[in-house]
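A.B. asks:
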Amino acid sequence: MLKTSFHRGIAIPGLEHSVRSLFEIELPSSRHGHRLLSSSSSVCGKAVPRKKPKENIEINGLEKITYAERMHYVPVLAKPIFPPWKPNHKDPLHHRSSSHEEMPLYKDKSCHVFHQRTKLTEGVKQSLWLTKSRLVKGIPAQIMALADDPSNQIENQDERVQNAIKHARFWDTTERRPERERFCPTLLNSLIYMCRLQQGKHPGLGQRLLSQDYSLSASWHRGENHIQVRGKNGMLLSSMSPLPAIAERDEVQATADTELETFYPISPTIDLQCINVYDVKTATGFSEGYRYPHGHTLFFAHLLDGHHEELRAKMVMFAFGNALARARALYGAEPQVLEKPVVLQSVGTNGRLFQFMVFQLNTTDLASDDGVKNLVWIDEDQPLYEFAKVRPLIKKKVVEVPAGLAGYNPDTFKKFLAFYLHGAV
Amino acid sequence: MAVSALTRALRAVSLTGGSCKQVFSKVSCYGGMVPEISRLSSASFLPAVNTSVCQWRGFLTSSHLEQNRTLWKQREKYTIRPIGMKKTGGRDWTGKIRTHGIGGGHKQRHRIIDFQRLRYEAGKDEKPFEERVLEVRYDPCRSADIALVAGGNRKRWIIATENMEAGDLVKSSGVIGRMAVAAKEGDAHPLGALPVGTLINNLELYPGKGAQVIRAAGTSGVLLRKVSGTAIVQLPSKHQIQVSETCVATVGRVSNIDHNKRIIGKAGRNRWLGIRPSSGLWQRKGGWAGRKIKPLPPMKSYVNKPSLASQT
Numbered sequence: 003m004l005k006t007s008f009h010r011g012i013a014i015p016g017l018e019h020s021v022r023s024l025f026e027i028e029l030p031s032s033r034h035g036h037r038l039l040s041s042s043s044s045v046c047g048k049a050v051p052r053k054k055p056k057e058n059i060e061i062n063g064l065e066k067i068t069y070a071e072r073m074h075y076v077p078v079l080a081k082p083i084f085p086p087w088k089p090n091h092k093d094p095l096h097h098r099s100s101s102h103e104e105m106p107l108y109k110d111k112s113c114h115v116f117h118q119r120t121k122l123t124e125g126v127k128q129s130l131w132l133t134k135s136r137l138v139k140g141i142p143a144q145i146m147a148l149a150d151d152p153s154n155q156i157e158n159q160d161e162r163v164q165n166a167i168k169h170a171r172f173w174d175t176t177e178r179r180p181e182r183e184r185f186c187p188t189l190l191n192s193l194i195y196m197c198r199l200q201q202g203k204h205p206g207l208g209q210r211l212l213s214q215d216y217s218l219s220a221s222w223h224r225g226e227n228h229i230q231v232r233g234k235n236g237m238l239l240s241s242m243s244p245l246p247a248i249a250e251r252d253e254v255q256a257t258a259d260t261e262l263e264t265f266y267p268i269s270p271t272i273d274l275q276c277i278n279v280y281d282v283k284t285a286t287g288f289s290e291g292y293r294y295p296h297g298h299t300l301f302f303a304h305l306l307d308g309h310h311e312e313l314r315a316k317m318v319m320f321a322f323g324n325a326l327a328r329a330r331a332l333y334g335a336e337p338q339v340l341e342k343p344v345v346l347q348s349v350g351t352n353g354r355l356f357q358f359m360v361f362q363l364n365t366t367d368l369a370s371d372d373g374v375k376n377l378v379w380i381d382e383d384q385p386l387y388e389f390a391k392v393r394p395l396i397k398k399k400v401v402e403v404p405a406g407l408a409g410y411n412p413d414t415f416k417k418f419l420a421f422y423l424h425g426a427v
Numbered sequence: 378m379a380v381s382a383l384t385r386a387l388r389a390v391s392l393t394g395g396s397c398k399q400v401f402s403k404v405s406c407y408g409g410m411v412p413e414i415s416r417l418s419s420a421s422f423l424p425a426v427n428t429s430v431c432q433w434r435g436f437l438t439s440s441h442l443e444q445n446r447t448l449w450k451q452r453e454k455y456t457i458r459p460i461g462m463k464k465t466g467g468r469d470w471t472g473k474i475r476t477h478g479i480g481g482g483h484k485q486r487h488r489i490i491d492f493q494r495l496r497y498e499a500g501k502d503e504k505p506f507e508e509r510v511l512e513v514r515y516d517p518c519r520s521a522d523i524a525l526v527a528g529g530n531r532k533r534w535i536i537a538t539e540n541m542e543a544g545d546l547v548k549s550s551g552v553i554g555r556m557a558v559a560a561k562e563g564d565a566h567p568l569g570a571l572p573v574g575t576l577i578n579n580l581e582l583y584p585g586k587g588a589q590v591i592r593a594a595g596t597s598g599v600l601l602r603k604v605s606g607t608a609i610v611q612l613p614s615k616h617q618i619q620v621s622e623t624c625v626a627t628v629g630r631v632s633n634i635d636h637n638k639r640i641i642g643k644a645g646r647n648r649w650l651g652i653r654p655s656s657g658l659w660q661r662k663g664g665w666a667g668r669k670i671k672p673l674p675p676m677k678s679y680v681n682k683p684s685l686a687s688q689t
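Going down the list, the sequences are from chains A and B.
Oh and the first sequence: position 298 is 300 in the numbering used here, straight run, nothing missing.
Oh and the second sequence: position 200 is 577 in the numbering used here, straight run, nothing missing.
1) Given 7 Å as the limit, tell me if Leu212 (chain A) has its C-beta closer than that to any heavy atom belonging to the ligand PLP.
2) Per DSSP, Ser135 (chain A) forms a beta bridge with which residues?
3) Hey, is Ser99 (chain A)'s beta-carbon within less than 8 Å of any beta-carbon in chain B?
4) Which chain B residues sit within Cβ distance under 9 Å of Pro267 (chain A)?
5) Can you tell me whether DSSP reads Pro337 (chain A) as helix, strand or coil?
6) Which runs of the beta strand (DSSP E) fall wholly inside the segment 250-311 of chain A and span at least 3 residues, in chain order?
7) Taking the alpha carbon of Ile489 (chain B) as the point to measure from, which residue in B:Pro517, B:Lys473, B:Glu507 has its own alpha carbon closest?
8) How many angstroms separate the CA atom of Gln660 (chain B) from the CA atom of Ala666 (chain B)?
9) Taking 8 Å as the cut-off, does the segment 174-188 of chain A touch the segment 300-319 of chain A (at least 3 CB pairs, one atom from each stretch)?
10) How about Thr68 (chain A): is its C-beta nearer than 8 Å to some C-beta of chain B?
11) Give a yes or no on whether the minimum CB-CB distance between Thr414 (chain A) and chain B is below 8 Å.
12) If distances are taken between C-alpha atoms only, which option among B:Arg533, B:Gly472, B:Gly664 comes closest to Gly511 (chain B)?
13) Measure the beta-carbon distance from Leu612 (chain B) to Ile591 (chain B) and round it to whole angstroms, keeping in mind my assumption that it falls under 8 Å.
14) Which class does Ala149 (chain A) belong to by DSSP, given the choice of helix, strand or coil?
15) From Ala408 (chain A) to Arg162 (chain A), what distance separates their C-alpha atoms?
16) Do you know how far the Cα of Gly481 (chain B) is from the Cα of Gly466 (chain B)?
17) Should the segment 220-232 of chain A be regarded as contacting the segment 312-327 of chain A, the criterion being three or more beta carbon pairs within less than 8 Å?
18) Under DSSP, the alpha helix (DSSP H) around Pro187 (chain A) begins and ends at which residues?
19) For Leu211 (chain A) and Ser240 (chain A), which I take to be in contact (beta-carbon distance under 8 Å), what is that distance rounded to the nearest angstrom?
20) Give every residue of the same chain whose Cβ lies closer than 6 Å to the Cβ of Ser421 (chain B), excluding the five residues on either side of it in the sequence, and list them in chain order.
21) Measuring only between beta-carbons, confirm whether Thr271 (chain A) sits less than 8 Å from chain B.
22) For my contact list, Ser129 (chain A) and Leu122 (chain A) are in at a C-beta cut-off of 8 Å; report their separation, rounded to the angstrom.
23) To the nearest angstrom, how far is the alpha carbon of Leu148 (chain A) from that of Val401 (chain A)?
24) Can you list, in chain order, the residues of the segment 114-126 of chain A whose Cβ is nearer than 7 Å to any Cβ on chain B?
25) Please report how far the alpha carbon of Val254 (chain A) lies from the alpha carbon of Pro567 (chain B), in whole angstroms.
26) Using only the alpha-carbon positions, how far apart do Lys81 (chain A) and Asn578 (chain B) sit?
27) Could you pull out every residue in the same chain whose Cβ sits closer than 7 Å to the Cβ of Pro672 (chain B), ignoring the five residues on either side in sequence?
28) Exposed or buried, which one is Arg178 (chain A) when buried takes at least 16 other CB atoms within 10 Å?
29) Check each candidate in A:Phe389, A:Pro404, A:Asn235 and name the one with the smallest Cα separation from Ile396 (chain A).
30) So, with DSSP's three-state summary, where would you put Glu622 (chain B)?
31) So Glu539 (chain B) and Glu562 (chain B) are in contact, right, with Cβ under 8 Å, and what is the actual spacing, rounded?
32) From Pro675 (chain B) to His616 (chain B), what does the alpha carbon distance come to, in whole angstroms?
33) Roughly how many angstroms lie between the CA atoms of Arg224 (chain A) and Gly645 (chain B), to the nearest whole one?
34) Could you tell me whether the segment 332-341 of chain A touches the segment 309-319 of chain A, using the rule of 3 or more Cβ pairs below 8 Å?
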């Protein structure tokens with residue numbers, strides 16, 4: 003009679019229409035619920051405008067008399083509205099989470115959270131304000147001395163590093179060219195492995211452990227804002243003994259005179275995730291009896307081409323988070339100027355360019371803008387090599403860049419090695 | 378007759394016990410349940426007999442099918458992230474062409490533009506504020522360029538004006554002082570605060586509703602005069618309108634001023650823009666065609682005066 007979706011031969015004639023009409027539920031989307039009783043309108047696809055559902059008007063103080071008690075429809079009485087059924091068992095497939103206000107960790111004051119997906123608009127300047135730090139360009143002299151010392155070099159250092167680069171950039175795949183997600187971590191791991199092999203020369207290197215995928219949490223207040231650093235950061239090389247302080251007490255006291263740079267009209271908490279459901283905790287990510295409690299170096303693999311400013315800002319924030327968690331574990335949660343500053347190094351790379359950073363936490367008194375500041379040394383954009391091309395770059399039949407590794411820079415690996423050896427030499 | 382059959386079915390009571398399974402069919406979004414035909418009959422390819430008609434609750438035909446067509450524009454929260462769009466091809470909800478000549482073209486992502494320039498940040502005071510322009514870029518969905526501005530804790534997209542560059546500071550203010558403000562290009566002020574004769578764009582018709590006119594590339598309106606709480610503006614089409622003086626407008630011309638001087642060059646470029654060729658049938662043009670020289674229509678007023686009933 004109506005449109006047939008599927009037809010099955012039915013013997014009993016009495017039931018024929020009823021059953022067939024049950025199966026003829028092929029309802030076109032816009033005409034759902036409307037029965038087109040004339041064949042012509044159903045054939046030409048006439049769209050009937052849908053009636054708006056009746057609004058439920060509730061008047062305070064007036065109780066609706068419904069037919070709920072009578073258990074059947076009565077035309078005069080109102081339609082009962084029953085409370086939604088809540089099962090008393092837990093079913094993860096049909097779980098509905100409660101609103102933010104009902105969650106146990108809900109707080110009225112919001113908190114700004116930095117995690118590994120955050121991209122700060124103002125980059126390093128914003129991270130310096132958030133961590134109350136002062137920037138010094140270049141690597142500190144102690145580490146440069148380690149880099150320049152020839153006795154710290156590995157045998158055939160240049161050749162081995164170049165082999166590692168070639169392995170990561172050319173030989174690591176059956177396809178033409180490995181992608182950044184593959185060659186960047188491979189190169190980083192190869193370089194760290196080469197540094198670890200120096201344990202024969204410097205036995206202190208044995209008191210180190212590399213760990214990754216640990217969850218850091220650090221929380222502090224900057225003025226009225228509550229800021230947290232959370233989540234997985236990068237690979238952490240931790241050691242049994244802490245790193246020595248880079249800047250002496252005089253230099254640390256001198257930072258008290260400098261001012262933090264602000265960037266009106268942008269607020270320093272822009273791009274941080276603002277949430278009301280959070281847990282206030284500061285934890286290094288490792289439990290109490292961990293044998294390598296002092297963080298030494300954080301390694302970051304940056305899988306994007308470009309955006310180095312965001313990588314540097316991320317390095318500063320996570321280094322600060324780790325240092326703050328360590329300081330609170332050692333010296334308590336009271337905001338204070340630290341007698342023995344906590345030092346943490348950080349190396350970030352995108353496979354070719356290396357960013358070196360040293361963070362010295364001098365104070366945990368971060369609420370006010372004046373006073374002793376923390377110190378950050380950054381060495382930006384150090385290329386390990388210029389080109390690693392699978393196919394040569396030819397312009398107008400002249401080879402501009404040959405295939406293979408070109409423009410190797412030995413200084414960058416010397417700095418990398420110095421960063422690794424610092425504290426154990 | 379079908380209706381009576383349906384009602385008969387709905388009132389059916391179970392004749393036998395349990396062999397009938399009630400299964401949610403693939404049309405289960407309707408909320409109705411269809412009994413499965415007994416397995417014996419379907420296995421033997423005999424004409425399937427529904428020997429037992431089970432009891433079920435009536436069809437609930439109240440919920441409608443979820444259509445995915447316009448869900449991409451139902452987002453409530455503002456974001457600067459570009460959103461994937463679904464092209465309609467000029468078709469409306471019935472599926473037929475409503476507007477000819479639309480279809481195909483390069484894929485576009487929609488960036489939600491904040492046309493209400495004087496939108497104060499949540500939790501902040503309602504005072505004039507400044508924002509910094511982070512980048513000015515091409516928008517595939519409109520002729521003008523758009524600018525990403527950041528101020529306080531939020532970022533938003535606005536229509537860029539002619540000489541806007543990354544790093545500029547633009548001010549948005551809702552204050553009407555006694556003296557007219559020295560209008561700087563890119564700033565947004567209410568019409569009552571701007572000097573007569575300034576070029577404006579992104580003009581609101583109703584205060585607080587968001588810019589509705591003068592948004593296309595290279596356009597600008599002129600503030601003609603200010604009269605007792607209203608302002609008269611000449612639009613780019615030379616029409617004149619009267620709006621409340623608290624309506625906010627941006628100063629300057631809209632960006633991408635050479636948009637009208639571009640040459641399409643080839644049919645393919647029009648197809649990239651999503652414009653399909655018009656019908657090739659030659660049709661005699663009627664009275665609507667040709668140049669018309671008419672006087673301007675009377676000035677349209679968007680100021681809501683209090684009704685007579687409220688005055689008495």
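For every residue, glycine included, the Cβ atom is placed at its ideal position computed from N, Cα and C.
All values reported here derive from a predicted model rather than from experimental measurement.
C.D. replies: By the coordinates alone:
1) Questions concerning the ligand PLP fall outside what the structure shown contains, since it holds no ligand whatsoever.
2) Here residue 135 (chain A) is taken as the residue at index 133 of the first sequence, counted from 1. DSSP, once it has assigned bridges, lists A:Asn376 as partnering Ser135 (chain A).
3) For the purposes of this step, residue 99 (chain A) is identified with residue 97 of the first sequence, where counting begins at 1. So, not an interface residue.
4) The sequence position of residue 267 (chain A) within the first sequence is 265, counting from 1. Ordered by position in chain B, the residues that pass the 9 Å Cβ test against Pro267 (chain A) are Phe506, Glu507, Glu508, Arg509, Ala527, Gly528, Gly529, Leu546.
5) The residue given as residue 337 (chain A) occupies position 335 in the first sequence. Here Pro337 (chain A) sits in coil by DSSP.
6) 275-279, 296-303
7) Taking the second sequence and counting its residues from 1, the one referred to as residue 489 (chain B) is at position 112. Of B:Pro517, B:Lys473, B:Glu507, the residue nearest in Cα terms is B:Pro517.
8) Here the question's residue 660 (chain B) lines up with position 283 in the second sequence. Here the question's residue 666 (chain B) lines up with position 289 in the second sequence. Taking the straight line from one Cα to the other gives about 12 Å.
9) yes
10) For the purposes of this step, residue 68 (chain A) is taken as the residue at position 66 of the first sequence. No, its Cβ sits nowhere closer than 8 Å to a Cβ of chain B.
11) As a first step, residue 414 (chain A) must be located in the first sequence, where it is residue number 412. So no, Thr414 (chain A) is outside the interface.
12) Start at 1 with the first residue of the second sequence, and residue 511 (chain B) comes out as number 134. In the sequence as displayed, the identity of residue 511 (chain B) is Leu instead of Gly. For the residues B:Arg533, B:Gly472, B:Gly664, the minimum Cα distance to Leu511 (chain B) belongs to B:Arg533.
13) Here residue 612 (chain B) is taken as the residue at index 235 of the second sequence, counted from 1. Here residue 591 (chain B) is taken as the residue at index 214 of the second sequence, counted from 1. With a Cβ gap of about 6 Å, Leu612 (chain B) and Ile591 (chain B) count as contacting.
14) To locate residue 149 (chain A), count along the first sequence from 1; it is residue 147. Looking at Ala149 (chain A) - three-state DSSP - the assignment turns out to be helix.
15) Counted from its first residue, the first sequence places residue 408 (chain A) at position 406. Counted from its first residue, the first sequence places residue 162 (chain A) at position 160. Using only the alpha carbons, I get a separation of about 15 Å.
16) Residue 466 (chain B) sits at position 89 when you count from the first residue of the second sequence. Residue 481 (chain B) sits at position 104 when you count from the first residue of the second sequence. Distance between the alpha carbons of Gly466 (chain B) and Gly481 (chain B) is about 7 Å.
17) yes
18) Translated into positions along the first sequence, residue 187 (chain A) becomes position 185. Element bounds for Pro187 (chain A): 182-198.
19) Position 209 of the first sequence, counted from the first residue, corresponds to residue 211 (chain A). Position 238 of the first sequence, counted from the first residue, corresponds to residue 240 (chain A). With a Cβ gap of about 6 Å, Leu211 (chain A) and Ser240 (chain A) count as contacting.
20) As a working note, residue 421 (chain B) is residue 44 in the second sequence. Reliability fails at Ser421 (chain B), whose pLDDT of 46 lies under 50, so the model's placement of it is uncertain and the value that follows must be treated cautiously. Taken in chain order, the list of residues that qualify is empty.
21) On the first sequence, residue 271 (chain A) is found 269 positions in, with the first residue counted as 1. Cβ-Cβ to chain B under 8 Å: yes for Thr271 (chain A).
22) As a first step, residue 129 (chain A) is located in the first sequence; it is residue number 127 there, counting from the start. As a first step, residue 122 (chain A) is located in the first sequence; it is residue number 120 there, counting from the start. At roughly 6 Å, the Cβ-Cβ gap stays under 8 Å, so Ser129 (chain A) and Leu122 (chain A) are in contact.
23) Position 146 of the first sequence, counted from the start, is the residue given in the question as residue 148 (chain A). Position 399 of the first sequence, counted from the start, is the residue given in the question as residue 401 (chain A). So the two alpha carbons sit approximately 39 Å from each other.
24) Thr123
25) Translated into the one-based positions of the first sequence, residue 254 (chain A) becomes position 252. Translated into the one-based positions of the second sequence, residue 567 (chain B) becomes position 190. Going from the Cα of Val254 (chain A) to the Cα of Pro567 (chain B) covers about 51 Å.
26) Here residue 81 (chain A) corresponds to residue number 79 of the first sequence, with the count starting at 1. Here residue 578 (chain B) corresponds to residue number 201 of the second sequence, with the count starting at 1. About 53 Å.
27) As a first step, residue 672 (chain B) is located in the second sequence; it is residue number 295 there, counting from the start. Excluding positions up to five away in sequence, the list is empty.
28) Within the first sequence, numbered from 1, the residue matching residue 178 (chain A) stands at position 176. By the 10 Å Cβ count, Arg178 (chain A) comes out exposed.
29) Residue numbering aside, residue 396 (chain A) sits at position 394 when the first sequence is read from its first letter. Among A:Phe389, A:Pro404, A:Asn235, the Cα nearest to that of Ile396 (chain A) belongs to A:Pro404.
30) Against the second sequence, residue 622 (chain B) aligns to sequence position 245. If DSSP states are grouped into helix, strand and coil, Glu622 (chain B) belongs with coil.
31) Counting from 1 along the second sequence, the entry for residue 539 (chain B) is found at position 162. Counting from 1 along the second sequence, the entry for residue 562 (chain B) is found at position 185. That belief holds up - the Cβ atoms of Glu539 (chain B) and Glu562 (chain B) are roughly 7 Å apart, short of 8 Å.
32) Mapped onto the second sequence, residue 675 (chain B) falls at position 298. Mapped onto the second sequence, residue 616 (chain B) falls at position 239. Straight-line Cα distance between these residues: approximately 8 Å.
33) Sequence index remark: in the first sequence, residue 224 (chain A) carries index 222 (1-based). Sequence index remark: in the second sequence, residue 645 (chain B) carries index 268 (1-based). Cα-Cα distance, rounded: 57 Å.
34) no
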